[in-house]
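These notes are about the structure you will find just below.
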Amino acid sequence: MDKSNKHVAIIGAGIAGSTLANKLLSAGYEVSIYEKSRGTGGRLASCRLGDNSADLGAPLLSPASDTFRQWLTQHPNVSVWRPNTHCFNGKHCKSQTHFIAMPRQSSLTRELIQGANLYTSIRVGYLWPERSEEPYEEKQNKVLLRDEHGKALGHYDAAIVATPAKQAAPLLEALPRFERHTETATPTTSWVLVIQVSSPLPITVELIQGQHPLLLRCIKDSAKPGRISKDNSTTWAIEATPEWSALNRESDPKHVAEQLRKAFFPVLNRDFNTQPVITAERVHRWLYSRHITQHFEHHVDSGYLWDGDSMIGACGDWLESGDIEGAWLSANKLAEQIILQLERL
Numbered sequence: 000m001d002k003s004n005k006h007v008a009i010i011g012a013g014i015a016g017s018t019l020a021n022k023l024l025s026a027g028y029e030v031s032i033y034e035k036s037r038g039t040g041g042r043l044a045s046c047r048l049g050d051n052s053a054d055l056g057a058p059l060l061s062p063a064s065d066t067f068r069q070w071l072t073q074h075p076n077v078s079v080w081r082p083n084t085h086c087f088n089g090k091h092c093k094s095q096t097h098f099i100a101m102p103r104q105s106s107l108t109r110e111l112i113q114g115a116n117l118y119t120s121i122r123v124g125y126l127w128p129e130r131s132e133e134p135y136e137e138k139q140n141k142v143l144l145r146d147e148h149g150k151a152l153g154h155y156d157a158a159i160v161a162t163p164a165k166q167a168a169p170l171l172e173a174l175p176r177f178e179r180h181t182e183t184a185t186p187t188t189s190w191v192l193v194i195q196v197s198s199p200l201p202i203t204v205e206l207i208q209g210q211h212p213l214l215l216r217c218i219k220d221s222a223k224p225g226r227i228s229k230d231n232s233t234t235w236a237i238e239a240t241p242e243w244s245a246l247n248r249e250s251d252p253k254h255v256a257e258q259l260r261k262a263f264f265p266v267l268n269r270d271f272n273t274q275p276v277i278t279a280e281r282v283h284r285w286l287y288s289r290h291i292t293q294h295f296e297h298h299v300d301s302g303y304l305w306d307g308d309s310m311i312g313a314c315g316d317w318l319e320s321g322d323i324e325g326a327w328l329s330a331n332k333l334a335e336q337i338i339l340q341l342e343r344l
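Positions 0 to 344 (numbering that gives the first Met the number 0) are the ones given, in order, by the sequence shown.
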């Protein structure tokens, strides 16, 4: 079989889609990725903040398994970080080891998809298997992709949905059992405020976490390995708790930013006697921050969805443990099945 003749489409350029693309590219297949946003990353996305950039999504990679940890250590642009950690009550907390992609979290996904065809700012609205009426040897079945306006994007030997469950549901219409499966995952919302202050603060703490009625954790983004500030500024990422985020899911972003600032500043004033002067900020609502997955150990295909007849599948955190590591694991499992199937064709 000439692997270069096999072409796989992936919808979504987050960690699941990028990991899957990397596996398929390494196996010798052509890969095209469609991403509705302007860049890669998904929940590892970064954003512009003044003249600098900051991590807008998952601020840390904290492996639960040795397998994921070993995989991260293999990437030259991923560094270990043990941030100086305090609790919201002002006490020093034990620092834990995390992993950080450099120079920003989204760099990891860009590294993984090198060699793939990347199409950004395109929202896929439809995918459907087209059955061939010709003999198998003469014409192979394909999967047709169309954008949200109905424009044909191409025919592919396989198509994989690597998006959050809610976004995957309409794309899996061709396979009702897969579409229904998306209902087993419940997304959690997360509000994040990223602020930049004009000059370095006299603060050695790099991570604040623990019990707080509104805040989940505060990360000194500019202290991460490989971060370079063009203007010597300091950047903090302030995450709200899932509970507060859910209650304020439809709140005005300006109101959310104000509430997060009001909660964050007293922490600095109490423990570090300083009041930052903000020069830039951005607030973002992650509608699908994580997934609470019901009975994920009983999923149809043990962490992924795959139909060998239609050559349509899905992977993502919602098919595993609901987090970044789950998305990575799901993509790896599905990649094995796709490669096995394509090798038979």
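Just so it is clear, CB atoms sit at the ideal spot from N, CA and C, and this is done for glycine as well.
How would you call residue i, buried or exposed, if buried means at least 16 neighbouring beta carbons within 10 angstroms?
i, result
"Gln-349", "Given that the chain is displayed from residue 0 to residue 344, the structure contains no residue 349 and the question cannot be resolved."
"His-97", "buried"
"Glu-324", "buried"
"Phe-67", "buried"
"Ile-277", "exposed"
"Gly-13", "buried"
"His-254", "exposed"
"Asp-251", "exposed"
"Val-79", "exposed"
"Ala-164", "buried"
"Arg-347", "Past the boundaries of the shown model lies residue 347; the chain is included only from 0 to 344, so the question cannot be answered."
"Asn-88", "exposed"
"Pro-175", "exposed"
"Lys-223", "buried"
"Lys-22", "buried"
"Thr-39", "buried"
"Arg-42", "buried"
"Leu-171", "buried"
"Ser-244", "buried"
"Ser-166", "In the sequence as presented, Ser is not what sits at residue 166; that position holds Gln. Classification of Gln-166: buried, given that the 10 Å Cβ count is 16 or more."
"Lys-141", "buried"
My output table needs one value for residue i: the three-state DSSP class, helix, strand or coil.
i, result
"His-297", "Residue placement at His-297 is poorly supported in this model, since its pLDDT is 42, which falls under 50; the coordinates still yield a value, given next. In this structure, His-297 counts as helix in the three-state DSSP scheme."
"Leu-259", "helix"
"Val-204", "coil"
"Val-266", "helix"
"Gln-340", "helix"
"Gln-130", "The sequence as given places Arg at residue 130; Gln does not occur at that position. Arg-130: coil per DSSP, three-state reduction."
"Leu-24", "helix"
"Asp-308", "coil"
"Leu-143", "strand"
"His-254", "helix"
"Leu-171", "coil"
"Leu-213", "coil"
"Lys-223", "coil"
"Gly-153", "strand"
"His-148", "coil"
"Arg-179", "helix"
"Asp-51", "The sequence given here places Asn at residue 51; Asp does not occur at that position. If DSSP states are grouped into helix, strand and coil, Asn-51 belongs with the strands."
"Ile-121", "coil"
"Glu-319", "coil"
"Ser-329", "helix"
"Ala-115", "coil"
"Thr-359", "Missing from the structure shown is residue 359; the chain here goes from 0 to 344 and no further."
"Thr-234", "strand"
"Ala-158", "strand"
"Ala-12", "coil"
If distances are taken between C-alpha atoms only, which option among the options comes closest to residue i?
i, options, result
"Leu-59", "Ser-105, Lys-35, Leu-24, Ser-36", "Ser-105"
"Gly-149", "Gln-166, Glu-172, Lys-165, Val-123", "Val-123"
"Arg-289", "Lys-332, Gly-56, Ile-338, Arg-130", "Gly-56"
"Ser-120", "Ile-10, Pro-102, Met-310, Ser-61", "Ile-10"
"Asn-231", "Glu-172, Asp-220, Thr-240", "Asp-220"
"Cys-314", "Gly-321, Ser-329, Asp-306", "Ser-329"
"Asn-4", "Ala-157, Ile-32, Asn-88", "Ala-157"
"Ala-180", "Asn-88, Ser-17, Lys-141, Ser-301", "The sequence shown places His at residue 180, not Ala. Checking every option, the nearest Cα to that of His-180 belongs to Ser-301."
"Arg-81", "Ile-218, Leu-48, Ala-334", "Ile-218"
"Pro-241", "Thr-18, Ser-197, Gln-210", "Gln-210"
"Ala-53", "Arg-343, Leu-318, Leu-111, Ala-100", "Ala-100"
"Ala-173", "Leu-126, Ala-279, Asp-50", "Leu-126"
"Ala-334", "Arg-248, Val-266, Leu-304", "Leu-304"
"Thr-203", "Gln-73, Ala-256, His-91", "His-91"
"His-74", "Thr-108, Gly-41, Gly-49", "Thr-108"
"Arg-284", "Trp-190, Leu-259, Trp-327, Asn-247", "Trp-190"
"Pro-128", "Arg-145, Leu-117, Ala-115, Tyr-118", "Arg-145"
"His-6", "Lys-332, Cys-46, Leu-152", "Leu-152"
Looking only at DSSP bridge pairs, what is residue i linked to?
i, result
"Ser-189", "Trp-285"
"Leu-246", "Leu-246 pairs with nothing; no bridge assigned."
"Glu-29", "His-6"
"Cys-46", "Ala-53"
"Glu-280", "Ile-194"
"Ile-291", "Thr-185"
"Glu-34", "Thr-119"
Within 9 Å of any Cβ in chain D, is that where the Cβ of residue i sits?
i, result
"Arg-47", "This model lacks chain D altogether, as it is built from one protein chain only."
> What are the start and end residues of each continuous alpha helix (DSSP H) run of 4 or more residues lying completely inside the segment 53–112, in chain order?
Replying inline: If you keep only unbroken alpha helix (DSSP H) runs of at least 4 residues inside the segment 53–112, you get 65–72, 106–111.
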